[in-house]
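All you need for this note's numbering is the position in the sequence shown, starting with 1, plus 5. Okay, structure first, notes after.
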Amino acid sequence: MALKGLDIFKLTPKTNCKECGNPTCMAFAMKVAQGAIPIDKCPHMSDEAKATLSEATAPPMKSFKFGAGETEHAIGGETVLFRHDKTFVAHTLFGVNICTKCDFDAVITEVEKVSYERIGEHMYTEVLNLTFKGDQAAYVELVKKAMGHGRALILECTDAAAAAAALDVCAAEKPILNGATPDNYKEMAELAKAKGVLLGVSAPDLDALYDTTAAIEALGYKDLVLDVTGANVKDTYANAIQVRRAALKDKDRTFGYPSIVNLSKIAGGDTTKQTALASMFILKYGSIVLMDGMSYAQALPLFGLRQNIFTDPQKPMKVEPGIYALNGADANSPCATTVDFALTYFIVSGELERSGVPVNLLISDAGGYSVLTAWAAGKFSAGSIARFFKENDIESKIASRDLIIPGKAAVLKGELEEQLPGWKIIVAPNEATGLVKFMKDLNA
Ligand code: SF4
């Protein structure tokens, strides 16, 4: 390492280096070692030292973006095998397979039906996997049809001529070209490099996948995604795990790439089996999971699981404060309130919906805690609820003056009656399971 900026020794801990932003070279070196800062932030290092250290300090798994504009998504960049070690980085993306023999309009209509928001995250199928079936002209037409539907594209095509024709149409959309095999990797690598797209690599077994990936790297192309789909469920599962373990545990960067798992190839047309397997590959370790379809029945459990796995387990998931009109509630419907902890919200709103009684569920910022914890921490109090009413102008938006509060927060009743004059405070049962009968009785 050739350090020249030795005036660094004059720096005090309060005067960070203008070049690398650190108080000392040692602090810089420690951040580099942790992968928190790139080595080239220090301009005083020789190219040779930079090249050596960059390789040694590069993250174990590369991260990429594909898609363009609103269809752009991040994949890879994981640093740990288990979410309890550290929060995972890029959540699993879901894709639907479409080939030239499919009824494109029917498939895309079904795909577009699934679109909803859950705890601040838009849930929808992010990727279309376009499979080449031997007819180049039909494939290019399929690619044209797939563009403009707000989904990132994967071109699953091992035919170099067809892949080139498809990329002529959609390279600006930055698709993944999933087409390199042990037989064609040279021309596919050239094509991907020329078009600036990620290259998917597949092979009959793990050894061949490793050798093909290494050969593509030797050609100077390292923007890769590994298609770990094997001959059956067992092989695919083993491939996904061994590739990720080799990268993160053994620091073997030849396998340090995101992965694709195509469930159609290992579960046939059995959508129930595909859904069950998709849940497994969210955990172990599909960067992109491809399926035959994604109905609401499949999406709800899978997207919910994904959201749980790819969020910080230390931070409670919160819903946005606001007025949630349930069962067609309007200004004359009664109000109910609870905390913003996602689990509480979904249990309470689910039971209220089951009652069929229109009700405005008012969610205030309670720090993401459950009812009793929020109350004990002073985050769910008569004062915080009254403040929420004022800030959101509830009294002019809602004509009803009935407010249902959680049974576990019954202690707030008296204080709320003082802080919200004119409101009738009604105490709900202690447990959400009692809400259906309670709401029906209230509405009788
Ligand atoms: Fe200057 Fe930072 Fe390089 Fe040290 S590591 S020589 S402080 S730029």
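Ideal placement from N, C-alpha and C gives every residue a C-beta, glycine not left out.
Nearest to residue i (by Cα), restricted to the options the options
i: Ala-95; options: Asn-102, Phe-71, Gly-274; result: Phe-71
i: Ala-197; options: Ala-165, Thr-217, Ile-246, Ile-124; result: Ala-165
i: Val-148; options: Ile-271, Leu-440, Thr-342, Ile-113; result: Ile-113
i: Ile-328; options: Asp-317, Lys-445, Ala-283, Asp-345; result: Asp-345
i: Ala-123; options: Ala-177, Phe-351, Leu-408; result: At residue 123 the sequence reads Arg, which differs from the Ala that was named. Closest option to Arg-123, Cα to Cα, is Phe-351.
i: Pro-306; options: Ala-111, Pro-48, Val-119; result: Val-119
i: Thr-280; options: Ala-79, Arg-311, Pro-28; result: Arg-311
i: Gly-388; options: Val-294, Ala-142, Glu-422; result: Glu-422
i: Glu-436; options: Lys-395, Thr-343, Pro-48, Pro-363; result: Thr-343
i: Tyr-215; options: Lys-200, His-78, Asn-237, Tyr-190; result: Tyr-190
i: Arg-39; options: Ala-54, Ser-59, Cys-22, Ala-371; result: According to the sequence provided, residue 39 is Gln. The question's Arg does not apply to it. Of the candidates Ala-54, Ser-59, Cys-22, Ala-371, the one whose C-alpha sits nearest the C-alpha of Gln-39 is Ser-59.
i: Asp-398; options: Gly-261, Ser-369, Phe-286; result: Ser-369
Between the CA atoms of residue j and residue i - distance to the nearest angstrom
i: Ser-264; j: Val-233; result: 6 Å
i: Val-4; j: Lys-418; result: Outside the shown range of the chain (6 to 449) lies residue 4, about which nothing can therefore be said.
i: Tyr-121; j: Ala-304; result: 10 Å
i: Phe-137; j: Leu-182; result: 11 Å
i: Val-309; j: Gly-81; result: This sequence places Gly at residue 309; Val is not what is there. Computed Cα separation, rounded: 20 Å.
i: Ala-171; j: Val-145; result: 5 Å
i: Gly-439; j: Ile-314; result: 30 Å
i: Arg-88; j: Asn-337; result: 45 Å
i: Tyr-204; j: Val-37; result: Contrary to the premise, residue 204 reads as Leu rather than Tyr in this sequence. Roughly 28 Å separates the two Cα atoms.
i: Val-150; j: Asp-110; result: Per the sequence shown, the amino acid found at residue 150 is Lys instead of Val. Roughly 9 Å separates the two Cα atoms.
i: Ile-271; j: Phe-69; result: 26 Å
i: Leu-282; j: Val-248; result: 18 Å
i: Glu-161; j: Ala-245; result: 19 Å
i: Leu-11; j: Thr-349; result: Low local confidence applies: a pLDDT of 46 at Leu-11 is under 50, so the model's placement there is unreliable, with the coordinate-based value given in what follows. Going by the C-alpha atoms only, they are around 57 Å apart.
i: Lys-9; j: Met-66; result: Note on Lys-9: pLDDT 49, under 50, position unreliable in the model; the coordinate value appears next. Lys-9 and Met-66: Cα-Cα distance of roughly 32 Å.
i: Phe-33; j: Glu-53; result: 18 Å
i: Asn-134; j: Met-152; result: 12 Å
i: Gly-372; j: Lys-384; result: 6 Å
Rounded distance between the beta-carbons of residue j and residue i, thought under 8 Å
i: Glu-222; j: Thr-163; result: Their Cβ separation, rounded to whole angstroms, is 19 Å, which puts Glu-222 and Thr-163 out of contact at 8 Å.
i: Leu-408; j: Trp-428; result: 5 Å
i: Ser-292; j: Leu-98; result: 7 Å
i: Lys-179; j: Val-202; result: 6 Å
DSSP-derived helix/strand/coil call for residue i
i: Leu-224; result: coil
i: Phe-87; result: coil
i: Gly-298; result: coil
i: Arg-258; result: helix
i: Asn-365; result: strand
i: Cys-30; result: helix
i: Lys-323; result: strand
i: Lys-191; result: helix
i: Asn-313; result: helix
i: Asn-244; result: helix
i: Ile-328; result: strand
i: Ala-414; result: helix
i: Glu-436; result: coil
i: Lys-278; result: helix
i: Thr-217; result: helix
i: Gly-355; result: helix
i: Cys-340; result: strand
Host alpha helix (DSSP H) of residue i (start-end)
i: Ile-410; result: Not the alpha helix (DSSP H): Ile-410 falls in the beta strand (DSSP E), residues 407-410.
i: Phe-394; result: 387-396
i: Ala-142; result: 141-151
Continuous beta strand (DSSP E) stretch holding residue i: start and end
i: Tyr-121; result: 120-123
i: Asp-232; result: 229-232
i: Tyr-129; result: 126-129
i: Ile-104; result: The identity of residue 104 in the sequence shown is Cys, whereas the question assumes Ile. Here the beta strand (DSSP E) through Cys-104 covers 98-104.
i: Lys-70; result: 68-71
i: Ala-185; result: 181-185
i: Ala-176; result: Looking at the DSSP string, Ala-176 is not in any beta strand (DSSP E), and its letter there is neither H nor E.
i: Thr-136; result: 132-136
Proximity test, Cβ basis, 8 Å: residue i and chain B
i: Thr-349; result: Note that chain B does not occur in the displayed structure, where there is just one protein chain.
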